[in-house]
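Each residue of the sequence shown is one higher than the one before, counting from 1 in the UniProt record's numbering. Down below is the structure, laid out as structure tokens.
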Amino acid sequence: MNNMTLTFPSRLENEAFARTSAVAFLMPLNPSVDEIMEIKTIIAEAVVNAMIHGYEQNQEGIITLKLEYDDQRTIHILVEDEGCGIADIDQAMQPLFTTKEHLERSGMGMTIMDTFADEFHITSGIGKGTKLEMTKKLHGTHESTQQ
Ligand SMILES: Nc1ncnc2c1ncn2[C@@H]1O[C@H](COP(=O)(O)OP(=O)(O)OP(=O)(O)O)[C@@H](O)[C@H]1O
Ligand SMILES: [Mg+2]
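Right, here's the structure in full:
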């Protein structure tokens with residue numbers, strides 16, 4: 001069992017910080033290149049959503065990223081904001097649904113996270129914020145399982 005928590009303000013440059021810190025934290029698990037790419041993408045999509053939707057680009061909003069892993073190489077990822085919340089979660093989950101078409105969003109972030117994660121759970125309250133909880137089990141490169 002190991003875990004870490006990062007909190008940072010909703011500034012776009014912190015997206016790269018969050019994603020690279022997460023990968024650095026997970027290095028002892030020796031994930032495959034594909035798994036690293038998927039985890040980076042999950043975190044980037046979740047953090048950018050918190051910034052542009054949750055906080056509507058207000059740079060003072062605080063985002064929390066928590067990661068935890070166990071001996072079975074299952075990773076728990078939590079990304080939380082205290083922004084505007086999601087009115088209709090089922091609708092937000094639909095591929096191509098976006099409320100920010102004018103910002104050239106494609107509405108694929110939730111679908112991509114749902115695809116790359118093994119479990120994907122959203123809790124959201126209007127005016128309270130949004131919490132994404134995901135799990136991902138690693139199957140790739142690992143010293144003790146390599147023949
Ligand atoms: N943290 C959040 N807070 C408030 N609303 C959110 C949040 N995350 C997602 N949403 C809502 O869910 C919709 C769908 O999100 P999704 O990530 O799938 O698409 P997008 O961000 O609009 O586009 P893309 O991710 O492809 O750039 C968003 O347009 C927004 O209305
Ligand atoms: Mg998105």
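The beta carbon of each residue, even a glycine, is placed where N, CA and C say it ideally should be. None of these values were measured; they are calculated from a predicted model.
Between the options, which has its C-alpha nearest residue i's C-alpha?
{"i": "ILE75", "options": "ILE86, VAL48, ILE36", "result": "ILE36"}
{"i": "MET51", "options": "LEU65, ILE39, GLU38", "result": "LEU65"}
{"i": "GLN59", "options": "PRO9, MET113, HIS142", "result": "PRO9"}
{"i": "CYS84", "options": "PRO95, ALA16, THR123", "result": "THR123"}
{"i": "ILE11", "options": "LEU103, GLU56, ILE39, ALA92", "result": "Residue 11 is actually Arg in this sequence, not Ile. Of the listed residues, the one whose Cα sits closest to ARG11 is GLU56."}
{"i": "ASN14", "options": "ALA46, LYS100, ASN3", "result": "ALA46"}
{"i": "ILE126", "options": "ILE62, LYS100, PHE120, GLU82", "result": "GLU82"}
{"i": "ARG105", "options": "ASN49, GLY140, PHE17", "result": "ASN49"}
{"i": "LYS100", "options": "MET4, ALA16, HIS53, ALA24", "result": "HIS53"}
{"i": "residue 187", "options": "PHE120, ARG73, ASN2, MET113", "result": "The question about residue 187 has no answer, for the chain in this structure spans 1 to 147."}
Round the Cβ separation of residue i and residue j to the nearest angstrom and send it over; I've been treating them as touching at under 8 angstroms.
{"i": "LEU78", "j": "LYS131", "result": "7 angstroms"}
{"i": "THR115", "j": "GLY107", "result": "That pair is no contact at about 14 angstroms."}
{"i": "LEU26", "j": "ILE39", "result": "7 angstroms"}
{"i": "MET110", "j": "ALA92", "result": "6 angstroms"}
{"i": "GLU80", "j": "GLY129", "result": "7 angstroms"}
{"i": "THR141", "j": "SER32", "result": "5 angstroms"}
{"i": "LEU6", "j": "ALA18", "result": "6 angstroms"}
At which residues does the alpha helix (DSSP H) containing residue i begin and terminate?
{"i": "ASP118", "result": "Note, ASP118: premise wrong, no alpha helix (DSSP H); not H, not E."}
{"i": "LEU26", "result": "14-26"}
Along the chain, where does the beta strand (DSSP E) containing residue i start, and where does it finish?
{"i": "ASN30", "result": "ASN30 -> no beta strand (DSSP E), and no H or E assigned at all."}
{"i": "LEU6", "result": "2-9"}
Just list the beta strand (DSSP E) runs in the UniProt domain "Histidine kinase/HSP90-like ATPase" (34-140), keeping only unbroken ones of 3 residues or longer that don't cross its boundaries, in chain order. DSSP runs (the beta strand (DSSP E)) wholly in the UniProt domain "Histidine kinase/HSP90-like ATPase" (34-140): 62-69, 74-81, 119-125, 129-137.
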